[in-house]
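For the sequence shown, my numbering assigns the number 162 to the initial residue and increments by one for each residue that follows. Glycine included, each C-beta is placed from N, C-alpha and C at the ideal position. Everything on this sheet refers to the single structure shown next.
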Amino acid sequence: STGIVDSSYPVIELSEVDFGYTAASVVKDISLQIDSGEYAAVVGPNGSGKSTLMKLMLGLLRPDKGVTKLFGEPSHQFDDGSRIGYVAQHASASKDMPITVREVVKMGRFPHVGFGRLSDEDWQIVDRALDTVGMTAFANRRVTQLSGGQRQRAFIARALASEADLLVLDEPTVGVDIESVESFYDLLDSLNEDGITILLIEHDLSAVTEHADRVICLNREIYFDGPTSEFVESDALARAFGTAANFLGDL
Ligand code: ADP
162 STGIVDSSYP VIELSEVDFG YTAASVVKDI SLQIDSGEYA AVVGPNGSGK STLMKLMLGL
222 LRPDKGVTKL FGEPSHQFDD GSRIGYVAQH ASASKDMPIT VREVVKMGRF PHVGFGRLSD
282 EDWQIVDRAL DTVGMTAFAN RRVTQLSGGQ RQRAFIARAL ASEADLLVLD EPTVGVDIES
342 VESFYDLLDS LNEDGITILL IEHDLSAVTE HADRVICLNR EIYFDGPTSE FVESDALARA
402 FGTAANFLGD L
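Structural data, given as structure tokens:
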């Protein structure tokens, strides 16, 4: 890969998407487009369909109605997983992963080298990724011995090693110690400045309003989709939560 992002297609595109696990729909009439280089956050109450929407975006679920595309291709046909880095909640990370940080990041090269040996250049990419996320000093540490924030950085480094141009993060700072949260979001900011598209699912509304450029507020349907500055001024959050009372505390 040249590392040059093909921005001729939206990174993610959903048109009139409906989906339900059963006959009842969970998300309804979702149309949105995320372009290369954006930093977008999805917010909404528990059970509002945020994770479902993310799975639809990534082609892990097929819509009942409508179309989902990744990089211009129907999502379910898209097969270049190396372009997408997924960072799950720390809480769901496996506890018995007896591998080192460097090995985790090395795995990011596998889509490029198959299961063959890494070249010197591949290792340089691995080391650069470790450096970018500030984890060089922890390269030989087992991921089980890391703090939550360090572990999330290791998984971001893996995405960088695979040369992902889209980072999808599902509440990435749950379980991360409070002192590390701000520097974690600073890292996302700098990756976004380097051109990586960021899609963040987030409970922490202050992180969203401080860092994301665009907010998609969801409760089964889209209540708001636009610039963060307009979201802050709007009543979308209160409407999406069905109450203006104490909604910040719910996030
Ligand atoms: P959020 O991420 O906003 O908390 P989810 O997308 O996880 O919301 O869930 C939306 C709704 O879909 C909830 O009512 C949830 O119970 C339901 N749901 C989520 N996953 C499944 C599943 N695998 N099977 C059936 N129902 C599900």
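- Using a Cβ distance threshold of 9 Å, L360 and S209 do not count as a contacting pair.
- For L379, the Cβ falls inside the 8 Å cut-off from some heavy atom of the ligand ADP.
- Ranked by Cα distance from G246, the options S186, A185, L321 are led by L321.
- By alpha-carbon distance to M218, the top candidate from Q238, N353, P206, N207 is Q238.
- Not a single heavy atom of the ligand ADP lies less than 8 Å from the C-beta of I317.
- L328 sits close to L349, with the two beta carbons spaced by under 9 Å.
- According to the DSSP assignment, Y182 belongs to no alpha helix (DSSP H), since it is labelled neither H nor E.
- Look at the segment 201-237 and you find these whole runs of alpha helix (DSSP H), each 4 residues long or longer: 211-218.
- Contact between the segment 179-186 and the segment 336-351 is absent, with fewer than three C-beta pairs closer than 8 Å.
- By the criterion of a C-beta distance shorter than 6 Å, S243 is surrounded in its chain by P272, S323, once the five residues flanking it on both sides are discounted.
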